[in-house]
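Residue numbers (our numbering): 16 to 176.
As structure tokens, the structure follows; a few thoughts come after it.
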């Protein structure tokens, strides 16, 4: 009787340990996937920053509206990465962090649309000023927010291992 109780308890303990190991592995995999998506977002944000810098370069012979297809492509990729990332975000991320990132991204694109509209209407100098004054700082703020999320993921992964 005692031997069967010990065997039963040992089996239950092994089953629980396997469940915990599986949970830990799934959590780490989810964190890594989220980190890869955040790195994709960070890469696109850096590409946006470089494109805006190039737009402001006086030696560039192109009008501002010539940059719109590049920004459209980056926007499509960013929106896809953001949608995927929201599915894999870790459980310890607050809704406020996710909402902040999404709303900041929306504000960035709305302002950029207004800038391109200014450029189309012939106000290229005003559009360049808006890029210099607000868009570059918005891009930097987005990049910082994504960097913070990456740091959180790294810390969560270290705790899980």
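Even for Gly, the Cβ is constructed at its ideal location relative to N, Cα and C.
Where residue 137 falls: helix, strand or coil (DSSP) | coil
Same chain, Cβ closer than 8 Å to residue 57, five either side skipped, listed in chain order = 158, 161, 162 and 165
From residue 82 to residue 75, what does the alpha carbon distance come to, in whole angstroms?
-> 11 Å
Closest Cα partner of residue 147 within the set 51, 65 and 87 | 65
For residue 29, is the classification buried or exposed, using 16 other Cβ atoms within 10 angstroms of its Cβ as the cut-off for buried?
-> exposed
Counting Cβ pairs, one atom from each stretch, are 3 or more of them under 8 Å apart for the stretch 43-56 and the stretch 92-104?
-> yes
Every unbroken alpha helix (DSSP H) inside the stretch 46-122 [4 residues or more] = 83-103
Taking residue 48 as the reference, which of 103, 145 and 119 has the closest Cα?
-> 103
May I have the straight-line CA-CA distance separating residue 143 from residue 105, to the nearest angstrom?
-> 38 Å
Throw me the rounded Cβ distance for the residue 130 and residue 145 pair, which I believe falls under 8 Å.
-> 5 Å
Measure the beta-carbon distance from residue 78 to residue 126 and round it to whole angstroms, keeping in mind my assumption that it falls under 8 Å.
-> That pair is no contact at about 19 Å.
Could you have a look at residue 32 and say whether DSSP puts it in helix, strand or coil?
-> helix
Which word fits residue 18, buried or exposed, when buried means at least 16 other C-beta atoms lie within 10 angstroms of its C-beta?
-> exposed
Is residue 67 near residue 154, with beta carbons less than 8 Å apart?
-> yes
Going by C-alpha distance, which of 110, 113, 112 and 63 is nearest residue 93?
-> 63
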